[in-house]
Amino acid sequence: MTDPAPTKPPLPVFDSQNCQTYPASCHCGIVQYSVLLSPPLAEWKVVSCNCSICTRNGYLLVYPERSQLQVNSGKEVLRNYSFGGKRNLHRFCGSCGSAVWFDPRMDEFGDAPPDLLGINVRMFHGVKMEELDVVHVEDPNP
2 MTDPAPTKPP LPVFDSQNCQ TYPASCHCGI VQYSVLLSPP LAEWKVVSCN
52 CSICTRNGYL LVYPERSQLQ VNSGKEVLRN YSFGGKRNLH RFCGSCGSAV
102 WFDPRMDEFG DAPPDLLGIN VRMFHGVKME ELDVVHVEDP NP
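Under this note's numbering, think of the first position of the sequence shown as 2, with each following residue one higher.
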């Protein structure tokens, strides 16, 4: 018998002695940003969710604190999308359409701090997707 898929992402524990900065951008390069992850990406469980928006946007997500995201350029072209209960704010490049991150509805994740973002690892530069430790998460309302 196999264990059921988790229904919530693993939560980060920031350690300033064990962190790494990852440069990232949208496809066209207008939106440039970096994400400080602790622990480094190789130690994260990267989340692949089966909900409709995550599937269609191709999200592979990590959940750092909002303060660990630094937008370097292109903030003015970022656009928002939300649906259903309008609680999740999905951010994408208004020029190329790349889904870069979202503000998740934190009440679903129990005692998680309210300042986490779901960052799309597919936008990181130089990351080999096949080397990620991906955990598949079942959304109760896909």
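The beta carbon of each residue, even a glycine, is placed where N, CA and C say it ideally should be. Bear in mind that the values here come from a model prediction, so they are computed numbers and not experimental data.
In DSSP terms, what residue i is bridged to
i: residue 60; result: Beta-bridge pairing links residue 60 to no other residue.
i: residue 28; result: According to DSSP, which records beta bridges pairwise, residue 28 is partnered with nothing at all.
i: residue 70; result: 36
i: residue 125; result: 25
Distance between residue j and residue i (C-alpha atoms, nearest Å)
i: residue 27; j: residue 124; result: 6 angstroms
i: residue 25; j: residue 126; result: 5 angstroms
i: residue 71; j: residue 35; result: 5 angstroms
i: residue 99; j: residue 83; result: 15 angstroms
i: residue 92; j: residue 37; result: 18 angstroms
i: residue 17; j: residue 95; result: 33 angstroms
i: residue 121; j: residue 86; result: 22 angstroms
i: residue 49; j: residue 134; result: 10 angstroms
i: residue 21; j: residue 118; result: 17 angstroms
i: residue 65; j: residue 104; result: 11 angstroms
i: residue 128; j: residue 60; result: 14 angstroms
i: residue 2; j: residue 62; result: In this prediction, residue 2 has a pLDDT of 43, which is less than 50 and means its spatial position is unreliable; nothing more can be read from the coordinates.
i: residue 140; j: residue 15; result: 26 angstroms
i: residue 69; j: residue 80; result: 20 angstroms
i: residue 102; j: residue 42; result: 16 angstroms
i: residue 138; j: residue 73; result: 31 angstroms
i: residue 77; j: residue 130; result: 29 angstroms
i: residue 90; j: residue 67; result: 13 angstroms
Span of the beta strand (DSSP E), counted from its first residue to its last, around residue i
i: residue 104; result: 100-104
i: residue 120; result: 119-121
i: residue 81; result: 79-82
i: residue 94; result: 90-94
i: residue 50; result: 47-50
Closer than 7 angstroms: residue i CB and nearest the ligand ZN heavy atom
i: residue 120; result: By its list of ligands, the structure shown contains no ligand whatsoever, and the ligand ZN lies outside what it can speak to.
Between the stretch 47-61 and the stretch 29-36, do three or more beta carbon pairs fall short of 8 angstroms?
no
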